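Here is the structure we will look at, set down as structure tokens.
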Amino acid sequence: MNESLTFHFDVDGTDFTSAGQASANVKRSLRQLGLAPDIIRQVSIAMYEGEINMVIHAGGGEADVTVFEDKIEIVLKDHGPGIKDIDLAMQEGYSTATDTVRSLGFGAGMGLPNMKRYTDEMHIETEVGKGTTIKMYVNLTD
Amino acid sequence: MTVNELAAKCSLNPVAVPDGEKEVEGGYAGDLLSWVMGRARENCAWITIMSNINIVAVASLADIGCIILAEGVTADENVIATANEKGVNILSTQMTAYETAVAIGKLI
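First to last, the sequence lines map onto chains Z and H.
The first sequence begins at 0 in numbering that gives the first Met the number 0 and counts up by one.
The second sequence begins at 0 in numbering that gives the first Met the number 0 and counts up by one.
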């Protein structure tokens, strides 16, 4: 496989009930490619957390997933409020989510930590008032 | 042990069982979805009292073996329909989360 495969999704920021559709589509596509189940699980969880974050905090955004020969790249881009303090946001249990979001079972402060936990590399670019872009990589080779 | 066998042995009610022959290994209890995503093992039985539509997405993406709604919690029709569509198994019980964990812990 020399040519990389790409998937693009617009994440709807208004509807919690449809959150996870982009992740589900990626999961299905990766299965069709015959990738290992643990790799697919890593990508699915990391992407779902990112998708939920975009719905909770940023009013939606865009997700691009590229399958390279040696890794999978997930790029999540939004034009939300940005992250004021990345170190704080990376702490397990820290969350700025509303009570409504928490009542749905989200807002546990585990989103970004889970994204880091399930990927081999993660980069956050954020600017308060402008938005956030997160790039994550899952290696396909040891 | 399969989901169907677990349901029979622990008297769990089938809510949506599109993949009853799926093997279940171990269990996890929790209601904070990201916590479940981060800690639950694949193919586990996930005991929760959370019943909104997002549990189906979490279970599907994290390869959960089955969801067990404890404490008499019920699921809405759209949750059941989505679970059937996505191949996510949901069982329910009147037992508390603790009692459910004890019951399945003796079997798997």
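Virtual Cβ for every residue (Gly too), placed ideally from N, Cα, C.
Since we're looking at a predicted model, the values are computed, not measured.
Assuming residue i and residue j are in contact, meaning their beta carbons sit under 8 Å apart, how far apart are those beta carbons, in whole angstroms?
| i | j | result |
| --- | --- | --- |
| I79 of chain H | A15 of chain H | 5 Å |
| W45 of chain H | A58 of chain H | 7 Å |
| D77 of chain Z | A96 of chain Z | D77 of chain Z to A96 of chain Z, Cβ: 15 Å. No contact. |
| D69 of chain Z | T140 of chain Z | 5 Å |
Looking only at its own chain, which residues have a Cβ that is under 7 Å from the Cβ of residue i, when we skip the five neighbours before and after it?
| i | result |
| --- | --- |
| S28 of chain Z | F6 |
| R30 of chain Z | I39 |
| I103 of chain H | L5, C9, G26 and A44 |
| A109 of chain H | What is shown of chain H runs 0 to 107, which leaves residue 109 of chain H out entirely. |
Identify the continuous alpha helix (DSSP H) that holds residue i and give its terminal residues.
| i | result |
| --- | --- |
| H56 of chain Z | P36 to H56 |
| M114 of chain Z | G110 to R116 |
At the 9 Å Cβ level, is residue i part of the contact set with chain H, yes or no?
| i | result |
| --- | --- |
| L32 of chain Z | no |
| E120 of chain Z | no |
| N113 of chain Z | yes |
| A18 of chain Z | yes |
| F8 of chain Z | no |
| Y47 of chain Z | yes |
Hey, is residue i's beta-carbon within less than 9 Å of any beta-carbon in chain Z?
| i | result |
| --- | --- |
| D30 of chain H | yes |
| K85 of chain H | yes |
| V2 of chain H | no |
| T22 of chain H | Inspection of the sequence shows that residue 22 of chain H is occupied by Glu rather than by Thr. For E22 of chain H, the answer is no, since every Cβ of chain Z falls outside 9 Å of its Cβ. |
| S33 of chain H | yes |
Excluding five sequence neighbours on each side, which residues of the same chain lie with their C-beta closer than 8 Å to the C-beta of residue i?
| i | result |
| --- | --- |
| T125 of chain Z | G81, I82, I85, T131 and T132 |
| S50 of chain H | L68, V72, T73, A74, D75 and V78 |
Where do the ends of the beta strand (DSSP E) carrying residue i lie?
| i | result |
| --- | --- |
| D9 of chain Z | L4 to D11 |
*asked:* Please list, in chain order, the residues of the region 63-89 of chain H that have any C-beta partner in chain Z closer than 7 Å.
replied: none
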